[in-house]
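First comes the structure, then the notes that go with it.
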Amino acid sequence: MQALALPFYDNRVLFGYEARPGLLACEREGDAAIRVFVRQGRQTASFVQDFVPFMLLADPQLLKTWAGKYDIEKLAGKGFYTYLVRFQGWSDLDKARTHLQKAARKSSSAPGAPYFFLADPVAQHLMLTGQTHFLGMAFEQLKRLQLDIETYTTEGFEFPNPGRPGDRIIAIALSDQTGWERIITGHDLTEPQMLAELSLELRRRDPDVIEGHNLFRFDLPYIEARARRHRLQLDWGRDGSVLRSHPSRLNIAERTINYRKYEVFGRHIADTWMLAQLYDLGARDLESYGLKDVARHFGVAARDRTYIQPERVSWYFDHDADTLFRYALDDVRETRAISEILSPSYVVQAQIFPLSYQHAILRGNATKINLLFLREYLRQRHAIQTPAPGQAVSGGFTDCRYQGVVQHVLHCDITSLYPSIMLSYECFPKHDVLGVFPSLLRDLREFRVQAKGLARQAKEPVSRRYYDALQATFKILINSFYGYLGFSLGHFNDFAQAERVTRTGRDIIQQIVAGLEGVGCRIIEVDTDGLYFTPPNSVQSRKDEDRLLQEVSQRLPAGISLELDGRYPAMFSYKMKNYALLDERGVVILKGSGLKSRGLEPFLRAWMEEMFALLLRGEEDKIDALLAKYLEELEQHQFDVKMLMKTESLQDSLTTYRDKLRDKKRNPSALYELAIQSGRAYQPGDQISYYVAGTGKRVTVHESAKLASQWDRHHPDENVEYYKTKLMDLYKKFKPFIRGMRGPKRGP
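First residue of the sequence shown? That's 0 in numbering that gives the first Met the number 0, and the numbers climb one at a time after it.
So this is what it looks like as structure tokens:
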């Protein structure tokens, strides 16, 4: 399958204007060259392209006093940055940046800075040359290698730490997209020999992409630390260079993930742990981001999959190594399967954006769209605007109209609400004089329709997955255009137009609410571009549901349409964005932090899931018996400590914790108090699992907590009263809905 034959690949604004097929990776080599790796048949070859670093400049006088060499070109049209400056090498650009920072008294990222440049040399090169990665290639044509390690933990500690002399790597599991697998074991080789064999195998298999689950935060830091201890070089690069790393962070919604970013010359690294979190940003249906849970969620966990408790890895290595090695191989198999689900969309993005595949995963959508604007404006040699100062933009319309249990619930979605508003009402950025914004948005909508059609028509699974990845990518980009209007770093942002979009959206959604209520529907919850409601009793069949939506849609503005996104036999509405759904398969789906908080002990989450299942199936009379069962199991010490414990990570060193406590900058914490009491050399990043012991329902947790490893199933000492009280508090939280607020089971 040759992707270049598809019509949308002719769109030079979207897929770059230099359609070079088979480009696998670009790396800066020296000061003024880029090493380009390409796939030629089944072989990987490389060649060098000239690298001309560039910068955008508002005032050429700023460089008059700089002694370096450069070429300057006046750009057409009006804009803040009216000059394109090219340098002979990256070091010259870096010196010019230092000069400009002093001359302008502003860093390049400061608002209104009179100069701008991309700190990523690969992005610079791709932008000015119009090239992108992987054109003409399907996901299956990439050579992908999966990596997972198992480690030995010194007795007395709960979690591994590569800084401890007694800890070490005891198994390295490898696989690739062909089905090849290998386990490198600590029974056959010493740790230095294992690491050397890993490097040899990487060079032998020559992957384009190295994949793993939590690679950036566990496997690679651990491997790097142990290699440093043995004074070994991890020469994984396609040029023989070593694994490189530096501190970085990834923002996902309201969370910031600090991690160490690793790079390998000529290869990309994809972490499925991060891919899972990026997926869950929209789906919000993952219980956790651990490999086993994610694999079960996507249905790729084998029936005969080997499971062992993480804290028993060392025991298995000493007493039952074969089971441990099967477990490790199952880890890489699941990683490969998860990647095949979550990665293809990002492979398409690497075909679109002037970024490496690795950075296409890690960069935000608004940042990536901004690069499309910059690439096209530079291609046309047109002046570029500076980002407008950030302004507050009001949000969409949200409302929780009903609390309690209802039956026969429909979820209605307004098809691409914000993109439709932007096109129908021409809400485009005022400084986009070349019309890139509306042109791309219209093309993407049309391309998505085409890709969805090709996916339906495809007979081969490989082709179907490819086209589905295309349409999913187009959907992501379409929905990101509104966010770009309000993106503070976007060179063509427009906060007034962003406000206009949300204001229009609120008017439309309220019009839909009124229309549904006018035909007898009960509105349960409204959230920006979708709503849950119960239809009137006259709506019984799917044809009735379609007719109802069509009736309401006819009254909406041109370009705005409704679609039925889901139907549910029952729903429990708790509060805004917090609800439980019973789907048509009988599965309970929990949404919102108020119902699926990871801060709750596992036994509380388990009780809540069972309770909601009974509530939604109309068996609320059994909830008291369920409560009594859990209370009895607590009383009889029938729960394993895993159901009672919390696991948390140390963020500060123990010294920093003591200092903050002394200066009254924080409260005592069970996590840190246990670390101090243990006398062990705990470090930031180490995890500790603990439970509450003793007696009395109202206790100070940091004074009563014990390490989970101290729990003895033959002499359990967990605080039964404390845990029973937590369960009763949770029950009381939902009791009004169980007993007194069942309300109507259908619409009025």
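Note that beta-carbon positions come from the ideal geometry of N, C-alpha and C, so glycine has one too.
Worksheet item: Going by other Cβ atoms of all chains shown within 10 Å of its Cβ, with 16 needed for buried, is G29 buried or exposed?
Response: exposed
Worksheet item: Which two residues bound the contiguous alpha helix (DSSP H) that contains T43?
Response: Here T43 belongs to no alpha helix (DSSP H); instead the beta strand (DSSP E) covers 42-49.
Item to complete: Pull up the DSSP beta-bridge partners for Y8, would you.
Response: Answer is none; Y8 lacks a bridge partner.
Worksheet item: Who are the near neighbours of P735 in its chain, counting only those whose CB is closer than 8 Å to its CB and skipping five residues on each side?
Response: none
Worksheet entry | Collapsed DSSP secondary structure at Q192 in the structure displayed | helix
Practice prompt. Starting from the C-beta of L440, find all residues in its chain whose C-beta is less than 8 Å away, skip the five residues before and the five after it, and write them out in chain order.
Written response: P418, M421, L422, I477, F480
Practice prompt. Would you tell me roughly how many angstroms separate the C-alpha atoms of F7 and A454, rounded to the nearest one?
Written response: 15 Å
Worksheet item: So, helix, strand or coil for I351, using DSSP?
Response: helix
Practice prompt. Could you pull out every residue in the same chain whose Cβ sits closer than 7 Å to the Cβ of A450, ignoring the five residues on either side in sequence?
Written response: Y466, L469, Q470, F473
Worksheet item: Beta-carbon separation of V525 and T397 under 8 Å?
Response: yes
Worksheet item: Buried or exposed: which applies to I71, given that a residue is buried once 16 or more other Cβ atoms fall within 10 Å of its Cβ?
Response: exposed
Worksheet item: Within this structure, are the beta carbons of V293 and A282 separated by less than 8 Å?
Response: no
Practice prompt. Say yes only if the C-beta of D543 is nearer than 7 Å to one or more non-hydrogen atoms of the ligand ADP, and no if none qualify.
Written response: Ligands displayed in this structure: none; no statement on the ligand ADP is therefore possible.
Fill in: Reduced DSSP secondary structure (H/G/I, E/B, other) of H358
helix
Worksheet entry | Residues sharing a beta bridge with S688, DSSP | T646
Worksheet item: Count the other CB atoms within 10 Å of the CB of K744; is the residue buried (16 or more) or exposed (fewer)?
Response: Its pLDDT being 44, under 50, K744 is placed unreliably in this model, and the value from its coordinates should be taken loosely. Exposed.
Practice prompt. Assign E618 to buried or exposed, taking buried as 16 or more other Cβ atoms, counted over all protein chains shown, within 10 Å of its Cβ.
Written response: exposed
Worksheet item: D651 lies in the alpha helix (DSSP H); which residues open and close that run?
Response: Unbroken run through D651: none, as it is neither H nor E.
Item to complete: Tell me, please, which residues DSSP counts as bridged to H407.
Response: Per DSSP, none; premise fails for H407.
Item to complete: Please work out which residues of its chain come closer than 7 Å, Cβ to Cβ, to K732, disregarding the five sequence neighbours upstream and downstream, and give them in chain order.
Response: none
Worksheet item: Hey, how far is the Cα of L194 from the Cα of L233?
Response: 8 Å
Worksheet item: When we look at the beta-carbon of P52 and count the other beta-carbons within 10 Å, is it buried (16 or more) or exposed?
Response: buried
Discussion item. Given this structure, state the Cα-to-Cα distance separating I653 from M727, to the nearest angstrom.
Written reply: Inspection of the sequence shows that residue 653 is occupied by Leu rather than by Ile. Looking at the two C-alpha atoms, the distance is approximately 35 Å.
Worksheet item: If you drop the 5 nearest sequence neighbours on each side, which residues of the same chain put their C-beta closer than 7 Å to that of R463?
Response: A454, A457
Worksheet item: If you follow the beta strand (DSSP E) that L249 is part of, which residue opens it and which one closes it?
Response: 243-251
Practice prompt. Since I believe S572 is in contact with M644 (beta carbons under 8 Å), could you give me their beta-carbon distance rounded to a whole number of angstroms?
Written response: With 8 Å as the limit, M644 and S572 do not qualify as a contact, their Cβ atoms being about 32 Å apart.
Discussion item. Can you confirm whether the stretch 181-197 touches the stretch 312-329 when touching is taken to mean that 3 or more C-beta pairs between the two stretches lie within less than 8 Å?
Written reply: yes
Item to complete: Please classify L280: is it buried, with 16 or more other beta-carbons within 10 angstroms of its beta-carbon, or exposed?
Response: exposed
Fill in: Under the three-state DSSP convention, the category H267 falls into
strand
Worksheet entry | Terminal residues of the beta strand (DSSP E) in which M575 lies | Premise fails: M575 is in no beta strand (DSSP E) and is neither H nor E.
Worksheet item: In the DSSP assignment, what residue or residues form a beta bridge with E310?
Response: For E310, which the question treats as bridged, DSSP gives no partner whatsoever.
Fill in: Cβ pair K576, G591 closer than 8 Å
yes
Item to complete: Look at the Cβ atom of N369, then the Cβ atom of L488, and state whether they are nearer than 8 Å.
Response: yes
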